[in-house]
Amino acid sequence: MANLTLKDLQKSYGKTEVLHGINLEVKDGEFVVFVGPSGCGKSTTLRLIAGLEDASGGDIEIGGRVVNNLEPRDRDIAMVFQNYAIYPHMSVKKNIAFGLRTSKLSKPEKEARIQDVAAILDMVDLLERKPNQLSGGQRQRVAIGRAMVRDPAVFLFDEPLSNLDAQLRTQMRLEIKKLHQRVGNTIVFVTHDQVEAMTMADRIVIMKGGHIQQVGPPEQVYRTPANIFVAQFIGAPSMNIWDGEIKGGRVMLGDVALPLSLAHVKAGTPLKIGVRPDDLQLGSADPILHGTVSLREPLGPETLLYLSSDLGAVIVRAPGKNPPEVGDRIALGALAENIHLFDATSGEALV
Amino acid sequence: MAATEIRPTTDGLLNATKTPIKRSYGQYIRWLLLFIGGLAMVMPIAWMISTSLKWPHEVYNLKFIPDEPTIENYTYVLEDGRFYGWFLNSIVIAVVTTISNLLFDSLVGYTLCKFKFPGRYIIFIAILSTLMIPTEMLVIPWYIMSQSFGWLDSYWGIMFPGLMTAFGTFLMKQFFETVPDDFLEAARIDGLNELQIWWTVAMPLVKPALAALAIFVFLGNWTAFIWPLIVTNSPEMYTVPVGLSGFGDEADVAWELIMTGAAISTIPTLIVFMVFQRFIIRGVVMAGLKG
C-alpha cells in the first residue's frame, strides 16, 4: 500500500517553475531519501508534502486521501528541521509535549507517550533542561522526539544532520536508521549529502533542476545510474567520465577498443564513457588507458590517486599499503560490467 | 646551560614593574570624557533632589547643599491630596499604553514581517512615514478628533494617540526578522493557529525587544506633557507632569514643590526600568548561547 503518493506535483514561484511534475509512490514504512544539489527542488518537495507551501499543480496523497487543501496539522505528518527549531524558551519536556497540544489524548496518555519517546531517545534525564543546556546532537534528538511523539503517518526530515559536526553526523545517521527500524513509520528525508542518502535509504530519489533523475535502492543507483548526473553525483570520489565513440561496431576509448558491443547504437555517435575510481584495476594486463600519478591522497585503508592521461584527469582508488609513487606511469584496466556508457548529448545511460 | 642565564636581569625586572602602570594619554582623555558625560547626566537629577530639600527663599541660591535642608516640601506634596490623583492618572495611562503598545505593535510588526501579502511594503512605509511628523503638528488634529468623539478631558482622550506607535511597530518588525521561520513552521505543523503561534512561539523569542519597548513607552507616556496638558481641563484628570507645572501661583513658580513632585515621580520609572532591564540582559544571554 502506498502511504505517500505524489502525482505530477508542480510548484512555481511567479513565472519560475521549480518543480516540473514529480511522480512518486512511497510504500508504508519505507525510508526514502531525496538527494540532489542545492536548488534541485528537494526541500520544496518536502515543504509541499508538509503543507508549508501550496502546490501549483498535481496531487499529494497521504494514507490514501488527497491532502492538497489540508492544513499541515491535519496531514498526519511531523517534520524535523535543519536548525532543529526547538523552542529555546521551553524545557525539553515542554518542547516534546508541544507536538501533542492538539491531540485528543488524555493527560496520563500524553505523559506516557512523552516518557516513551524520552526513553527511546535516551533523554529521560534531560527532560527538565532548557535547549541552551544541550549539545547539538541532543537538540537534534529533542527535535526528533517532538516529531515522534505525534506518531505521524509520515516523518519529514529537512537536512537534519547538516548542522552537526562530522562525527556526530555519522552517529545520528545510525540513530535515525535504528529508530526507523524500531518505530517503522514512513520517512521522507532530504539531504544534499550522497553518503547520508546511500547509508540510510531504502530508496533514493535523485533530483536535479526540479526533475527526478532516478529512483531506486542505493545499490541500484550506484551500479546502474540512469544518466551522467546520477553517475557523478552518487559515489565519492565521482565517477571518471571520458569522451568515446563508436567505430565499426566497437566502443572506442581513445585508441583502445573496449570489450563491449553496442549493436543498436549508430556508428559515429559520440559517447561518454564512465568508470568508477574503485572499478579501475591497477597494473591490468589488458589496460584501457595509461596515466601518470600527479597527486596522492592517503586515507589510511586506501589511497586516492589523481592521474593525468591523454584522455584527461583520472581518479583511481589504490590500496593503502605501497601505493604507486607520484610520477609513476601506470596501466589501468576495467571489467566490461563496470564500464558505463552514456549518450553524449542527452547524458542518458546506454544499456 | 648555566642557571644564571635564564634568570631575569635587573633591567628586565624594572621594566616588568613599570609597564603595567604606563597608560596612554588617550586612556586618560577617555576617562575624562566619560566623567564629563556622567556628570552631565547626573547633574539635573542631583539638582532636582537638592532643590526639593530647600526652603522657597533658598531656591534661587545656587548652592548645591542647602543651608537649611528640609523635608517640608515632601510633607506638603504628599499631604496635598491632588498629587495622589495625578499619580494614579499617570500610572493608569502609562500602564495601559504600555500594554497596548506591547500587544499591538508586536502584532502588526509580526504580521508585516512574517506574512507575504500584497501591499505590505506600502503599509510599512506608510507606518514609518508617520515618524516624520512631529507631535506638535499632530496636537491640533488630535484635539479636533477628541472633541468630535467626546473624548476631551478623559483617560481615553489622553491615551488614544499613543496606544500604538510607528516606532514600536518598526522595532518589533525588525526583531521578528531575527526569529527563524523554522520555529513558526514547526509550530504550524504542531497544529497551532496563527494567533497562537504569535503568542506562544514568536513573542517569547523577542522578550528583549518587548522589554526595551516597554521601557520606552512607559517613560514616554510617564513624562508626556504637551498632549495631556492640552486635552485635559479639570485638575482631577491631570497627569503628574501637568499637575506639577501648576504648583505655585500666577506670581511665582514653586520650584521646590515641582522638584519634590518630580523626585517622587521618578520612583515608578526606576522600578519599571529595573524590572524590564533584567529581561534585556537575560535575553542577550539566551541569544548568545543559542547555537
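Heads up: the protein sequence lines correspond to chains A and B, in order. Each residue of the first sequence is one higher than the one before, counting from 617 in our numbering. Each residue of the second sequence is one higher than the one before, counting from 477 in our numbering. Ideal placement from N, C-alpha and C gives every residue a C-beta, glycine not left out.
Residue closest to residue i, alpha-carbon to alpha-carbon, out of the options
i                : options                                   : result
Ile665 (chain A) : A:Gly680, A:Arg691 and A:Ile904           : A:Arg691
Val811 (chain A) : A:Cys656, A:Asn843 and A:Glu775           : A:Glu775
Lys794 (chain A) : A:Thr815, A:Gly860 and A:Val806           : A:Thr815
Ala739 (chain B) : B:Asn537, B:Leu509, B:Glu544 and B:Leu554 : B:Leu554
Phe958 (chain A) : A:Glu641, A:Asp859 and A:Asp670           : A:Asp859
Thr632 (chain A) : A:Ser672, A:Gly832, A:Gly679 and A:Ser722 : A:Ser672
Met706 (chain A) : A:Val649, A:Ile736, A:Gln749 and A:Ile844 : A:Gln749
Phe652 (chain B) : B:Asp556, B:Pro617, B:Lys683 and B:Gln672 : B:Lys683
Thr641 (chain B) : B:Ile603, B:Ser622 and B:Tyr714           : B:Ile603
Pro532 (chain B) : B:Met735, B:Ser566 and B:Thr742           : B:Met735
Glu861 (chain A) : A:Leu927, A:Gln783, A:Pro914 and A:Phe849 : A:Leu927
Ile712 (chain A) : A:Val867, A:Gly800, A:Pro724 and A:Val758 : A:Val758
Glu964 (chain A) : A:Val846, A:Ser854, A:Leu920 and A:Glu835 : A:Val846
Glu913 (chain A) : A:Lys746, A:Gln897, A:Ser654 and A:Lys937 : A:Lys937
Glu544 (chain B) : B:Phe559, B:Tyr560 and B:Thr527           : B:Thr527
Thr676 (chain B) : A:Tyr703, A:Gly943, A:Arg945 and A:Asn954 : A:Tyr703
Counted within 10 angstroms of its Cβ, other Cβ atoms place residue i as buried (16 or more) or exposed
i                : result
Leu647 (chain B) : buried
Asp449 (chain B) : Nothing in the structure corresponds to residue 449 (chain B), since chain B is present only between 477 and 767.
Phe593 (chain B) : exposed
Thr551 (chain B) : exposed
Pro484 (chain B) : Residue confidence is low: Pro484 (chain B) scores 49 on pLDDT, short of 50, so the model does not pin down where it sits. Its coordinate-derived value is still stated next. Exposed, because fewer than 16 other Cβ atoms sit within 10 Å of the Cβ of Pro484 (chain B).
Val682 (chain A) : exposed
Leu681 (chain B) : buried
Asp666 (chain B) : buried
Phe659 (chain B) : buried
Asn709 (chain B) : exposed
Pro711 (chain B) : exposed
Gln830 (chain A) : buried
Trp562 (chain B) : buried
Ala735 (chain A) : exposed
Gln698 (chain A) : buried
Thr961 (chain A) : exposed
As assigned by DSSP and simplified to three states, the class of residue i
i                : result
Met519 (chain B) : helix
Pro917 (chain A) : coil
Glu727 (chain A) : helix
Trp507 (chain B) : helix
Leu905 (chain A) : strand
Ser628 (chain A) : strand
Glu653 (chain B) : coil
Ser962 (chain A) : coil
Asp675 (chain A) : strand
Val682 (chain B) : coil
Lys937 (chain A) : coil
His533 (chain B) : helix
Asn954 (chain A) : helix
Lys720 (chain A) : coil
Glu555 (chain B) : helix
Glu670 (chain B) : helix
Val765 (chain A) : coil
Met739 (chain A) : coil
Asn732 (chain A) : According to the sequence as given, residue 732 (chain A) is Asp; it is not Asn. Helix at Asp732 (chain A).
Sequence-distant residues of its chain with Cβ nearer than 7 angstroms to residue i (five each side left out)
i                : result
Gly825 (chain A) : Cys656
Asn684 (chain A) : Ala671, Asp675 and Ile676
Ile691 (chain B) : Val748, Phe749 and Phe752
Cβ-based neighbour list, residue i, same chain, cut-off 8 angstroms, excluding 5 preceding and 5 following
i                : result
Asn639 (chain A) : Leu622, Lys623, Asp624, Leu625 and Ile828
Tyr586 (chain B) : Met648, Lys649, Phe652, Trp674 and Ala678
Gln787 (chain A) : Gly753
Glu835 (chain A) : none
Asn801 (chain A) : Gly645, Asp767, Pro768, Ala769, Val770 and Phe771
Close beta carbons around residue i, own chain, < 6 angstroms, minus the five adjacent residues each side
i                : result
Asp902 (chain A) : Gly949
Leu911 (chain A) : Tyr922
Pro893 (chain A) : Pro853, Ile931, Val932 and Arg933
Leu662 (chain A) : Leu772, Asp774 and Val806
Ala873 (chain A) : Arg866
Pro688 (chain A) : Ala666 and Gly667
Residues in the stretch 612-631 of chain B with C-beta within 8 angstroms of chain A's C-beta atoms, listed in sequence order? Residues of the stretch 612-631 of chain B with a C-beta atom less than 8 angstroms from some C-beta of chain A do not occur.
Residues of the stretch 702-720 of chain A with Cβ closer than 9 angstroms to any Cβ of chain B, in chain order: Correct list: Ile702, Tyr703, Pro704, His705, Met706, Phe714, Gly715, Leu716, Arg717, Thr718 and Ser719.
At a Cβ cut of 7 angstroms, what residues of the stretch 635-667 of chain B count as close to chain A, listed as they run along the chain? Residues Pro656, Asp658, Phe659, Glu661, Ala662, Arg664, Ile665, Asp666 and Gly667.
Select from the stretch 675-688 of chain B all residues with a C-beta closer than 9 angstroms to any C-beta belonging to chain A, and list them in chain order. Within the stretch 675-688 of chain B, the residues whose Cβ lies closer than 9 angstroms to some Cβ of chain A are Thr676, Val677, Pro680, Leu681 and Lys683, listed in chain order.
Taking a cut of 7 angstroms between CB atoms, which residues from the stretch 660-688 of chain A lie near chain B? Correct list: Ala666, Leu668 and Pro688.
When Cβ atoms are compared, which residues of the stretch 861-880 of chain A fall closer than 7 angstroms to chain B? Listed by position, the residues of the stretch 861-880 of chain A near chain B (Cβ gap below 7 angstroms) amount to none.
Any C-beta of chain B within less than 7 angstroms: which residues of the stretch 758-784 of chain A qualify? Residues: none.
Taking any Cβ of chain B, which residues in the stretch 896-910 of chain A have a Cβ under 8 angstroms from it, in chain order? Within the stretch 896-910 of chain A, no residue has a Cβ lying closer than 8 angstroms to any Cβ of chain B.
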